[in-house]
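Numbering (the numbering used here), first residue to last: 933 to 988.
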């Protein structure tokens, strides 16, 4: 386990090991969750294509 410092803007670098495990690259989106006092992150799977025609 490594220790990371949070910047004044609340930012932290995602460790290389985590980026590799989740196959993250520049421009990807992630979500944060909290469960039992622990934080977890997941990669967001974006839907490809134009959804502008979709109606509710």
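Think of the CB as a built atom: it goes at the ideal place given N, C-alpha and C, for glycine as much as any other residue.
Computed from a predicted structure; not experimentally measured.
Looking at the DSSP output, residue 971 sits in a beta bridge with 966. In this structure, 973 is the residue among 973, 940 and 941 with its C-alpha nearest to the C-alpha of residue 953.
Less than 9 Å divides the Cβ of residue 976 from the Cβ of residue 960. In the three-state reduction of the DSSP assignment, residue 955 falls in the coil class.
Assigned with DSSP and collapsed to three states, residue 941 falls in coil, not helix or strand.
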